[in-house]
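**Q** Sending over a structure as structure tokens; questions will come in a sec.
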Amino acid sequence: MKKKFKCEIDCANCAAKVEEAVKKIDGVNDAKVNFMLQKFTLDADDERFDEILKEAVETGKKIEPDFSVEM
Amino acid sequence: MSPKLKSEMKKIAVALVIFFALMIVEKSGAAAPVMENRLINLILYLIPYLIVGYPVLRKAFLGIRNRQLFDESFLMTLASLGAFVTGQNEEAAAVMLFYQVGEWFQSYAVGRSRESITELMNIAPEFANLEHEDGSVETIDPDDVEEGNILVIRPGEKIPVDSVVISGESMINTAALTGESVPRSARPGTEVISGCINGEGLLRVRAQKDFEDSTVTKILEMVETASEKKSHTENFITRFARYYTPIVVCAALALAIIPSLITGKWLTWIYRACTFLVISCPCALVISVPLAFFGGIGAASKNGMLVKGSNYLELLDRLDTIVSDKTGTLTEGCFRVTEVIPAEGVDRMELLRCAAYAEGLSTHPIAVSIHEELERMDPEAAAKGIVPEDTDNVSGQGLISKVDGRTILVGNEKLLKSHSVPLTEIPTSGNEAATVCYVAELISEKESRFLGTIYISDKVKENALRFVPAMKRAGVRKIVMLTGDRSSVADAVAKELGIDETYSELLPQDKVARVEELLREVPEGKSLAFIGDGINDAPVLTRADIGIAMGSMGSDAAIEAADVVIMDDDLMRIPQVTKIAHGTLSISKENIVFALAVKILILILGALGIANMWAAVFADVGVAVLCILNSMRLITIKKTI
């Protein structure tokens, strides 16, 4: 399942860092953090989607405290 | 301005006030005993420093913990802490303050350009009105619309999915998608595109596609992914920053240690090393170059030209050869009378009138073009609406009509020969491209008279004549036309438009081969673009460096195969998008050269001890602000229709 969210991210470099980290999470097929459009796209396994999403947001926050996702 | 930006602005303002107050007190010597105490001085300057600098310190710390050293926060933390160590408290606070001012300005600028672009991409429909079988109407999410659903579109509403009109009439505003200001009319049977805005009328439509596959979704996805496809310039900057920052940190370390060991003046050299660090911050480049590309893509989509990625702007900037399809791209694919040549003793208008009246009942494209010509040349005669009493269509030859009491033949050579019309002198014309249409009158069984010849050819698009010179001005070396049409027709069109090379009578697979040959002729570092209507030339569009699809609103195949999509049918959009590409590339080059030049200059001055930390702050923040302002010029490119 692929879903898009509005997100807050402060710089292009931070977006790239978060993107890379989220992609490494187990169950994530693909992830994108678009700095210019402030959009977070997550493509992950259907059954565990909500769980993975939560983990992705937490991972992002750990790297960039300013990262937040509007659910 | 977002709430976050506002609160940051307040913080910066408070810190600035405290900072300047402290500076005045210190410089005026009003509270000399207090300010001269090193510890008190340090604590006082730490107040504004921490107010604005806390998030930076935290980020630098997080960077160290996550082993992602060497970013801006790290540089700034190191430099300002170093300045505190050397006792330059005032300058340490200043570095952090102005760094944050610069950061704030960057966020503001990016936010502004983001707004101006998302605003124009504000085409996503928010709801759909679903009509149930019992006639009741329910408002639903466009995502829930299914193919075949009946939808009601009220005046002023957005069309939620690609659909076809069942009843009602209206004018549809397509400006958000095409940049075209003239609304299109919609009546039963018309296909309407999602994202367009309904005019005054109420429409009932049948959904032809799901929301997911509708034009509006495709376009939004395209624009979103566009900023992810990075250009070489952007990639260069990212890679550059990755190596540059560690190198600079090492250089600064060397600058702090080596001269100190020799001279023993540790504080002086640590201070100089800190100055060096502040200057070296790569933010100006890292933010302004992608911003220029983002602006370029935005400016293009504002005018109905969708560029699928920054890399295509870069390729457009280096355009060398343009290969174009003929029919439907350079020509309209419909016919026009180009010449009317009467036989001796026949009036030119008389010839045209005879032909037009004789063709009065025909809807053949050739007949239509003769009607149009009469309307243009002699509107009164056309308005009479004379139609033949009887028309006999002779397949593959033409027609014979009884009109106004005369018997008129309009057709090719065969038709006239079969009625033994004396065709002693067939006037030849230089225009080989034309279809020739002879006109004659049968006076009696035995007697006939040749009236003249009408030449008809495919109409060249109005803008095509301006297109070639405009592309040449934009720096294109060669313009090539490919067509499946007869060579006589192709050569004539090429001559009229000023095209450099023409290849005719090509089969679709020949086109790919020809483009590959042309690609080999393109000089190193230059690019080739192919322009087509996107319907049957998808393979060629993919093969070219840049595939440009024209007039493709609503054509999925084109949107998928092409790299640049021109939503309306205007050829002049291509020189326009090339101009935007030139603008984008020159702005990003200006930024790179300017930022690096200033930085290197001040780096040298800083290492020599001539430039102090204030100059360093300018080299960092000032340059970043100037570069961002330069990049923002593109976004403000006016909307031209």
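Chains as they are written, first to last, in the working numbering: chain V, 1 to 71; chain H, 72 to 712. By construction, the Cβ of each residue, glycine as well, lies at the ideal position given by its N, Cα and C atoms.
1) Can you tell me where the alpha helix (DSSP H) with alanine 246(H) in it begins and where it stops?
2) For phenylalanine 601(H), list the residues DSSP reports as bridge partners.
3) Determine the direct distance from the alpha carbon of leucine 536(H) to that of alanine 453(H), and round the result to whole angstroms.
4) Under the assumption that lysine 597(H) contacts arginine 389(H) (Cβ atoms under 8 Å), give the Cβ distance between them as a whole number of angstroms.
5) Just to confirm before moving on: does the CB-CB distance between aspartate 691(H) and glycine 124(H) stay below 8 Å?
6) Going along chain V, which residues have a C-beta under 9 Å from proline 361(H)?
7) From serine 207(H) to threonine 245(H), what distance separates their C-alpha atoms?
8) Pull up the distance between the alpha-carbon of glutamate 19(V) and that of serine 575(H), whole angstroms please.
9) Compare the C-alpha of glycine 158(H) against each of Ala371(H), Arg109(H), Leu422(H) and Glu512(H) and name the closest.
10) Identify which residue in Lys397(H), Met376(H) and Tyr314(H) has its Cα closest to the Cα of leucine 577(H).
11) Using alpha carbons as the reference points, say which of Leu470(H), Lys488(H) and Ile457(H) lies closest to glycine 476(H).
12) What are the boundary residues of the alpha helix (DSSP H) that includes serine 575(H)?
13) Report the residue from Ile111(H), Tyr116(H), Gly100(H) and Asn112(H) whose alpha carbon sits nearest the alpha carbon of leucine 88(H).
14) Flag this pair as touching only if the segment 309-327 of chain H and the segment 269-288 of chain H have three or more C-beta atom pairs under 8 Å; answer yes or no.
15) In its own chain, which residues sit with a C-beta less than 7 Å from the C-beta of arginine 343(H), not counting the 5 before and 5 after it?
16) Please return the same chain residues whose Cβ sits closer than 6 Å to the Cβ of tyrosine 509(H), not counting the five positions on each side in sequence.
17) Report the residue from Gly219(H), Glu197(H), Ala195(H) and His435(H) whose alpha carbon sits nearest the alpha carbon of glutamate 204(H).
18) Report yes if the CB atom of methionine 684(H) is closer than 8 Å to the CB atom of glutamate 162(H), and no otherwise.
19) Following the continuous alpha helix (DSSP H) through lysine 660(H), name the residue where it begins and the one where it ends.
20) Note down, in chain order, each residue of its chain lying with its Cβ closer than 8 Å to the Cβ of isoleucine 341(H), except the 5 sequence neighbours on either side.
21) Quick one, which of Pro226(H), Phe198(H) and Arg225(H) has its alpha-carbon nearest aspartate 215(H)'s?
22) Give every residue of the same chain whose Cβ lies closer than 7 Å to the Cβ of leucine 705(H), excluding the five residues on either side of it in the sequence, and list them in chain order.
23) Hey, is the segment 73-91 of chain H in contact with the segment 41-49 of chain V, meaning 3+ C-beta pairs nearer than 8 Å?
24) Show which residues of chain V have a CB atom less than 9 Å away from the CB atom of valine 357(H).
25) Could you tell me whether the Cβ of aspartate 281(H) comes closer than 8 Å to any Cβ of chain V?
26) Checking contacts by CB at 8 Å: is aspartate 142(H) closer than that to chain V?
27) Label asparagine 374(H) either buried or exposed according to how many other C-beta atoms from any shown protein chain fall within 10 Å of its C-beta, with 16 as the threshold for buried.
28) With a cut-off of 8 Å on the beta carbons, I'd call isoleucine 673(H) and alanine 686(H) a contact; round off their distance for me.
29) In three-state DSSP terms, what is serine 466(H)?
30) Quick check on this structure: which residue in Gln177(H), Phe132(H) and Leu93(H) has the alpha carbon closest to the alpha carbon of serine 80(H)?
31) Helix, strand or coil, according to DSSP, for isoleucine 712(H) in the structure here?
32) Counting C-beta neighbours from all protein chains within 10 Å, is the total for cysteine 11(V) 16 or more, i.e. buried, or is it exposed?
33) In three-state DSSP terms, what is glycine 380(H)?
34) Where does arginine 225(H) sit, in a helix, a strand or coil, going by DSSP?
35) Taking Cβ positions only, does phenylalanine 365(H) come closer than 8 Å to chain V?
**A** Quick answer:
1) 246-249
2) Val394(H) and Gly618(H)
3) 29 Å
4) 5 Å
5) no
6) Ala12, Phe35 and Met36
7) 29 Å
8) Spanning the two alpha carbons is a distance of roughly 50 Å.
9) Arg109(H)
10) When only C-alpha atoms are compared, the closest one is Lys397(H).
11) Ile457(H)
12) No alpha helix (DSSP H) contains serine 575(H), which DSSP labels as neither H nor E.
13) Going by the sequence as given, residue 88(H) is valine instead of leucine. Comparing Cα-Cα distances from valine 88(H) to each of Ile111(H), Tyr116(H), Gly100(H) and Asn112(H), the minimum goes to Tyr116(H).
14) no
15) Leu326, Gly677, Ala678 and Gly680
16) Leu487 and Thr524
17) Gly219(H)
18) yes
19) 644-679
20) Closer than 8 Å at Cβ, skipping near neighbours: Gly153, Val156, Thr157, Ala327 and Ser331.
21) Phe198(H)
22) Ala363, Gly366, Gly367, Ala370, Gly654, Thr655 and Ile658
23) no
24) Cys11, Ala12 and Asn13
25) no
26) yes
27) Classification for asparagine 374(H): buried.
28) 6 Å
29) coil
30) Residue identity differs from the one stated: residue 80(H) is methionine in this sequence, not serine. Taking only the C-alpha atoms, the option nearest methionine 80(H) is Gln177(H).
31) Residue confidence for isoleucine 712(H) is low, a pLDDT of 40 falling below 50, so the modelled location carries little weight and cannot support an answer.
32) buried
33) Here DSSP, grouped into helix, strand and coil, assigns glycine 380(H) to coil.
34) coil
35) yes
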